[in-house]
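Step one of this worksheet: look at the structure below.
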Amino acid sequence: MCDVLDTFDCQVLVPGWRLHLASLSVTPNRDRGNVMDLATSGAFRALKSAGDMDDSGMPLWFREAWSLAGLDPAKYPPSSQQLAQRAREQGGIDRGCLAWEFLSVLVLKSGVPWVALDRRVLHTPLVYRLGEPGETLPTDRGDVSCAGLPVLADLETVRAAPWALGSPDDLVDADPVVFVCFLPQNIFRQVNPKNVLGRAVWLTWAYRFVFEKTCPGREKS
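Under our numbering, residues 2 to 222 are what the sequence shown spells out, in order.
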């Protein structure tokens, strides 16, 4: 496990984006069973009662922001939409992996892309940049080329992207966990990911903060 004071930098090189990230450690000696049951079922109910959506299930307000950020929602749907669709098809959230359960609460409560990363495998600092030829990310559609698309990378490889849904299998027993929210700058204040994260920590008792930071990017020219 990383030292509890572990911090790291994250640079945003893609204009028009802003990231919010936090490294969280599992709260020790807590019986989270009933609390997580309530949190995950509540998040799923919030999904079913969500507001106006397009035919694919993406909130209309976010679809516009996603398109303005330069991503085709039909070809590269946000990971939040993919997770929501998965939950609908299964009739609930995947259970059995604490980090994935907590990630699902974040995504379904906010309606925007978050990812969870095992801190133990990251070679920090992180950088949010455009993918290079030859770089790929695994998805449920197979390996997808990252070339020209926004990705989150460490010193070793591409780790995540706002358009790629990870897997709970990658997060089993992960501690600490880095949760990252990807947002176009024009809706960052509207979403308020710091508040979303704080409420999820308070609601679930699952994690405690190691550190938290907002990573601003450059304005679009």
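Beta carbons are placed, not taken as given, at the ideal position from N, Cα and C, and that holds for glycine. Keep in mind that this is a model prediction, so the values were computed, not measured.
{"Query": "Residues bridged to H21 (per DSSP)", "Result": "C182, T215"}
{"Query": "Residue range of the beta strand (DSSP E) that includes V152", "Result": "151-154"}
{"Query": "Cβ pair A100, T140 closer than 8 Å", "Result": "no"}
{"Query": "Those runs of the alpha helix (DSSP H) which lie wholly inside the region 92-143 and span at least 4 residues", "Result": "99-111"}
{"Query": "Cutoff 6 Å; reference A148; Cβ partners in own chain excluding five residues on either side", "Result": "G132, P134"}
{"Query": "Nearest-angstrom Cα separation, counted from F103 out to K214", "Result": "19 Å"}
{"Query": "Check whether L127 and F9 have beta carbons under 8 Å apart", "Result": "yes"}
{"Query": "Cα-Cα separation between A85 and S111, rounded to whole angstroms", "Result": "11 Å"}
{"Query": "Presumed contact (8 Å Cβ cut-off) between R120 and V178, rounded CB distance", "Result": "6 Å"}
{"Query": "Of the listed residues L123, D7, R142, E136, nearest to P151 (C-alpha basis)", "Result": "E136"}
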